[in-house]
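In our numbering, the protein residues as written are 43 to 921.
Idealized CB from N, CA, C, for every residue including glycine.
Notes follow the structure.
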Amino acid sequence: MAYPFADIEKKWQDEWEKRQTFNAENDFTKPKYYVLDMFPYPSGAGLHVGHPEGYTATDIVARYKRMQGYNVLHPMGWDAFGLPAERYAMQTGIHPAITTKKNIDNFRRQLKSLGFSYDWSREINTTDADYYKFTQWIFLKLFNSYYDTKVNKALPIEELQIPQNLNGKEREEFIASHRLAYIASMPVNWCAELGTVLANEEVEEWVGKGYKVERRPMRQWMLRITAYAERLLDDLVHVDWPQSTLELQKNWIGRSTGALVTFAVDTQHAVSLQVFTTRPDTLYGVTFMVLAPEHPLVDIITPESHKKQVAEYREKTALKTDLERQRGVQHPKGAGALPVGEIDVNKKDKSGVMVGAYAIHPLTNEKIPIYIADYVLMGYGTGAIMAVPAHDERDFAFAEAFGIEIKPVVETHGSTGSPTGAPLPRIEDGVAVNSPIIDGLKTQDAKAKMIEYLEKNKIGERRVQYKLRDWLFSRQRYWGEPVPISFTEDGFMVAEEEADLPLVLPESQNLQPSGGHGTSGSAHDTKTLFVPTGTGESPLAHLTNWVNFSKDGKKLSRETNTMPQWAGSSWYYLRFADPHNKERFASKESEAYWLKDGVDLYVGGAEHAVLHLLYARFWHKVLYDLGYVTSIEPFKKLVHQGIILGEDGSKMSKSRGNVINPDMVVAEYGADTFRLYEMFMGPLEQMKPWSSKSIEGIYRFLARIYRLYFNDGKINSKLLEKPKNEKAVLKILNQTIKKVSQDIESLSLNTAISQMMIFVNETYKLESIGKDAAEKFVQLLHPFAPHLSEEIWQALGYSTSIAKSAWPTFDPSLLVEDEFEAVIQINGKIRARQSLKVGISDADFENFARKIDSIQVALERKTIRKVIVVKNKMINFVV
RNA sequence: GCCGAAGUGGUGAAAUGGUAGACACGCCGCACUCAAAAUGCGGUGGGGGCAACCCCAUGUCGGUUCAAGUCCGACCUUCGGUACCA
43 MAYPFADIEK KWQDEWEKRQ TFNAENDFTK PKYYVLDMFP YPSGAGLHVG
93 HPEGYTATDI VARYKRMQGY NVLHPMGWDA FGLPAERYAM QTGIHPAITT
143 KKNIDNFRRQ LKSLGFSYDW SREINTTDAD YYKFTQWIFL KLFNSYYDTK
193 VNKALPIEEL QIPQNLNGKE REEFIASHRL AYIASMPVNW CAELGTVLAN
243 EEVEEWVGKG YKVERRPMRQ WMLRITAYAE RLLDDLVHVD WPQSTLELQK
293 NWIGRSTGAL VTFAVDTQHA VSLQVFTTRP DTLYGVTFMV LAPEHPLVDI
343 ITPESHKKQV AEYREKTALK TDLERQRGVQ HPKGAGALPV GEIDVNKKDK
393 SGVMVGAYAI HPLTNEKIPI YIADYVLMGY GTGAIMAVPA HDERDFAFAE
443 AFGIEIKPVV ETHGSTGSPT GAPLPRIEDG VAVNSPIIDG LKTQDAKAKM
493 IEYLEKNKIG ERRVQYKLRD WLFSRQRYWG EPVPISFTED GFMVAEEEAD
543 LPLVLPESQN LQPSGGHGTS GSAHDTKTLF VPTGTGESPL AHLTNWVNFS
593 KDGKKLSRET NTMPQWAGSS WYYLRFADPH NKERFASKES EAYWLKDGVD
643 LYVGGAEHAV LHLLYARFWH KVLYDLGYVT SIEPFKKLVH QGIILGEDGS
693 KMSKSRGNVI NPDMVVAEYG ADTFRLYEMF MGPLEQMKPW SSKSIEGIYR
743 FLARIYRLYF NDGKINSKLL EKPKNEKAVL KILNQTIKKV SQDIESLSLN
793 TAISQMMIFV NETYKLESIG KDAAEKFVQL LHPFAPHLSE EIWQALGYST
843 SIAKSAWPTF DPSLLVEDEF EAVIQINGKI RARQSLKVGI SDADFENFAR
893 KIDSIQVALE RKTIRKVIVV KNKMINFVV
């Protein structure tokens, strides 16, 4: 008989909702456990099977911890700002708020149908004004703070030391240039069709979908995340995260140590050139200098004779996209572009031109030619390099192409101690040669000595450089948080008063960006509301009544860019601590309680390994510096669930037709089966394919449990009778309690389920296990299959929820066996097995083993050199 | 190229350095049934033997150890990330 999952699940979902079973308590004296899912973007497609994977794992942990007596915070919310809803609005004319609400309702329904024990009273939505009031508040905190490098933390902007001699405008500019939120003209990824700027990491996604993205300098809000580079890197030692994610963050931050070296430039202008190098020990090997084409010094140092070719080269570079630039489409000898996918740094074609000026080598006073080349990026270091072709493959390739001298200054030595004469470029460490100051020193020592020399002679200094760039924080969109800043007519910035927040996103039916400068009604827009103007502003710019206003007799106009989707998700975990607080993002007490040591367990996709997690850590640290949060890191333990593939082993996609819809699975097998199956598929972190056969097996397992406990809809009294073999029951029960508890702690949920299967198989054989064991097993099952376990619990006579019962504990003394199967090995090969009493002495074990016929025979005429006994396990004769 | 993770039956997968393949899917058999489904019970890595048993087997090749899927070295493959970052 099939078990009536549909009735059971509906019944208990209604019950939980009615009783508000899973609301976190406001008792701050209990030990807390905060287990969080990465909240979803509520897309129109609804939940896919990947969502419930992580959500089930956290739900199991949440229910387990509650039963262990923890006050558990397990909330859910919606990351609901974002481009898809806005694009849908542009196509259909339906306001994003309406689409978003509809999608959220659908997501909520789906999540509830899976029986997750969220505290729905704490549900949040990033698009609610009550929520984004505090997103804006945090933005103002960033705007009104600066990073003080002396105390190494953010401080209120009022504490910034401002030079006395600055007048009003200069003073404002000085302050503005120190704020953690600032405006800069940045070359950005501009997509005309979308009418917006994209983050670097978003470019590929949209290019892949057929959109054109170009580089364009535009006025943008930036957040000074680079000020936190060092702490974002160093504090990774405090978190319990997957190794791969730690590495990704480290690489993204990209710390490297080296030196800043100053080269004088040999022109009539008194200018000098600063370069960053990680190899100061190769300073004597410098044979040319390279500036990024955009480097501001180029204008000053280029003599009239070279102006034309420099201008031409700069123009060519500006037209190249980043991708083209990285792939080296041009070659001085006229070779064409390399096909994508065959890029090799060594062979990457190098282009560039001489600027006609020379630098002076700070140690040898030699004249060194200066080039501009697009392989040097303005955005990293100083935008200029000292080129050492003998020991850098890029400089080597450039020198070869341009016929520049190559001067080896590092020698590598083989095991014999003689020079290996390794081919150039020689990247690896070695010993300095042809370098008077440091000759004979190993690379590491040579670097140190050189830096020391540079500092003493004021021609350079030690320097730590990061790859991390500041966070481009503005988007030319409607459906995002308005930036709470206005501008006076003479260009001063005026921040919204905190008391006046939220700055509400105005109603608008006109969502067409004012910036789309491409053709109207492009391939992607079926419904164009008006012809764009091409200014690159957000749709908010059209709402002149909202943009222009007066305050204290001053005419002001609002910022029309909105915040990126990352904004709302960078602090939502804090809001869950106190989601209805109107005065503060969360009360001091609730923050200190729920966020003590951060979120205890955070589960979500590895695709957020860098950006979301880095941005959230950054905001958290700013709030920490300003005294608003008590922990230095937001997420203590992090786990990524693996991707669930389609049945054919490839990624689920509509086009492949291999998408599994959770609603269908729940309808066919029920939520408990769905939950259990997703956990049984394999290790949580691992990528794994869906199998419609295997889910049948899980369904059978639950049906088997149902039949074990129920007989014609009534409790199976035979099961609850006193067992014939009480010892066997206690043993398997205690084993199961131990294994399931340990496995939940380590998130090995697949093996926890295996153990429960073993228990059920055993119980079928035993027929009766007694009421106590029957109850305890259902409790173990509860985090995994909450509906069925509630149903059984009620049938066992309880009127309170099993979720509120106390997690069973095991008695280690009942796990001790009296006998074990002894393994007898000769030279590590198994020759016999025998059942023996636990606790047998090593000597008795050996004597016993020697008497076994096959062993006796095998040991005849052999010298026993050694006998190894592993207590209560095995013996090994070495002959 | 660089960084990271992983390679175990027909399949998903288990294994504190100590009996490789738990648990499940699939398959085979038995019981129930007129029959089937469902259910219950049993078998199932490969090769050999009537049998007790024996040999082989955790990507490849070496090493450490009484003992290696597990530790070390080199290599191969797959997946994820990243890529002119000086």
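Residue i - partner residues in DSSP beta bridges
i       : result
Met-228 : Met-260
Ser-314 : Ala-306
Gln-784 : BP columns for Gln-784 are empty, so no partner.
Ala-269 : Its beta-bridge partners do not exist; DSSP assigns none.
Gly-300 : Arg-505
Thr-238 : Cys-233
Lys-871 : Ile-868
Phe-529 : Met-535, Ser-599
Leu-543 : The partner list for Leu-543 (beta bridge, DSSP) is empty, contrary to what the question assumes.
Phe-216 : Beta-bridge pairing links Phe-216 to no other residue.
Lys-638 : Paired residue(s): none; Lys-638 is not in a bridge.
CB-CB length for residue i against residue j, believed under 8 Å
i       : j       : result
Val-473 : Tyr-326 : Incorrect: roughly 13 Å between the Cβ atoms, too far for contact.
Ile-493 : Ala-301 : 5 Å
Thr-100 : Leu-643 : 7 Å
Phe-123 : Glu-523 : 7 Å
Asp-79  : Gly-96  : 6 Å
Met-420 : Ala-334 : 4 Å
Asp-323 : Thr-485 : 6 Å
Val-332 : Ala-415 : 5 Å
Leu-791 : Leu-726 : 6 Å
Arg-321 : His-403 : Arg-321 to His-403, Cβ: 15 Å. No contact.
Phe-149 : Gly-86  : About 10 Å; that fails the 8 Å criterion.
Lys-537 : Pro-526 : Note that residue 537 is Ala in the sequence shown here, rather than Lys. Indeed, because the Cβ distance is near 7 Å, the residues count as touching under 8 Å.
Phe-627 : Trp-179 : 7 Å
Nearest candidate by alpha-carbon position, reference residue i, set the options
i       : options                            : result
Gln-262 : His-311, Val-921, Gly-86, Phe-515  : Phe-515
Thr-672 : Gln-518, Glu-738, Val-641, Gly-691 : Val-641
Ala-196 : Ile-267, Val-820, Ala-490          : Ile-267
Glu-531 : Tyr-751, Leu-547, Lys-597          : Lys-597
Glu-442 : Pro-467, Asp-860, Gly-425, Lys-908 : Pro-467
Thr-299 : Tyr-253, Thr-319, Pro-345          : Thr-319
Asp-190 : Leu-202, Leu-182, Phe-181          : Leu-202
Met-916 : Phe-862, Ser-163, Glu-804, Arg-903 : Phe-862
Gly-119 : Thr-169, Val-91, Glu-128           : Thr-169
Phe-305 : Ala-399, Lys-781, Asp-594          : Ala-399
Ile-872 : Val-279, Asp-860, Ser-847, Asn-918 : Asn-918
Val-589 : Ala-609, Ser-528, Thr-71           : Ser-528
Glu-272 : Tyr-495, Tyr-508, Arg-221, Leu-265 : Tyr-508
Leu-543 : Glu-128, Arg-436, Lys-175          : Lys-175
Tyr-422 : Tyr-806, Leu-510, Pro-731          : Leu-510
Lys-144 : Pro-84, Gln-206, Asn-194           : Pro-84
Thr-71  : Gly-533, Ser-632, Val-307          : Ser-632
Check whether the stretch 149 to 167 touches the stretch 55 to 72, counting contact only when three or more Cβ pairs, one atom from each stretch, lie closer than 8 Å.
As far as the Cβ criterion goes, the stretch 149 to 167 touches the stretch 55 to 72, which means the pair count is three or higher.
On the three-pair Cβ rule with 8 Å, is the stretch 895 to 915 touching the stretch 865 to 883?
The stretch 895 to 915, when compared against the stretch 865 to 883, does touch it at the 8 Å Cβ threshold.
Ignoring anything shorter than 3 residues or poking outside the stretch 72 to 126, list the beta strand (DSSP E) runs there in chain order.
Segments of the beta strand (DSSP E) lying fully in the stretch 72 to 126: 74 to 79, 113 to 115.
Suppose only complete runs of 4+ residues qualify. What are the alpha helix (DSSP H) ranges in the stretch 470 to 516, listed by chain order?
DSSP runs (the alpha helix (DSSP H)) wholly in the stretch 470 to 516: 485 to 498.
Whether or not the stretch 222 to 242 and the stretch 424 to 431 are in contact is what I'm after, with contact meaning three or more pairs of Cβ atoms, one per stretch, closer than 8 Å; do they touch?
Touching, no.
Just list the alpha helix (DSSP H) runs in the stretch 169 to 193, keeping only unbroken ones of 4 residues or longer that don't cross its boundaries, in chain order.
List check, alpha helix (DSSP H) in window: 171 to 185.
Report yes or no: do three or more beta-carbon pairs, one from the stretch 763 to 777 and one from the stretch 833 to 847, lie closer than 8 Å?
A contact is defined here as three or more CB-CB pairs under 8 Å, and the stretch 763 to 777 fails this definition with respect to the stretch 833 to 847.
I want to know whether the stretch 875 to 887 touches the stretch 134 to 141 - three or more CB-CB distances under 8 Å.
Taking one beta carbon from each stretch, the stretch 875 to 887 and the stretch 134 to 141 have fewer than 3 pairs nearer than 8 Å; the two do not touch.
At a cut of 8 Å, does the stretch 95 to 114 reach the stretch 672 to 680 through at least three beta carbon pairs?
Contact between the stretch 95 to 114 and the stretch 672 to 680 is absent, with fewer than three C-beta pairs closer than 8 Å.
With a floor of 4 residues, list each alpha helix (DSSP H) that falls wholly inside the stretch 384 to 455, ordered by position along the chain.
With a minimum length of 4 residues, the continuous alpha helix (DSSP H) runs that stay inside the stretch 384 to 455 are 435 to 444.
With a cut-off of 8 Å, do at least 3 Cβ pairs link the stretch 685 to 699 to the stretch 280 to 295?
Because the criterion of three Cβ pairs below 8 Å is not met, the stretch 685 to 699 and the stretch 280 to 295 do not touch.
Check whether the stretch 579 to 587 and the stretch 611 to 625 are in contact - that is, three or more C-beta pairs closer than 8 Å.
No contact exists between the stretch 579 to 587 and the stretch 611 to 625.
Quick one: any contact between the stretch 694 to 710 and the stretch 651 to 663, if contact means 3 or more CB pairs under 8 Å?
Touching, no.
Given 8 Å, three or more beta-carbon pairs between the stretch 757 to 769 and the stretch 821 to 831:
When Cβ pairs closer than 8 Å are counted between the two stretches, the stretch 757 to 769 is seen not to touch the stretch 821 to 831, the count staying below three.
Which runs of the alpha helix (DSSP H) fall wholly inside the stretch 708 to 780 and span at least 4 residues, in chain order?
Every unbroken stretch of the alpha helix (DSSP H) spanning 4 or more residues and falling wholly within the stretch 708 to 780 is given here in chain order: 713 to 722, 734 to 751, 759 to 762.
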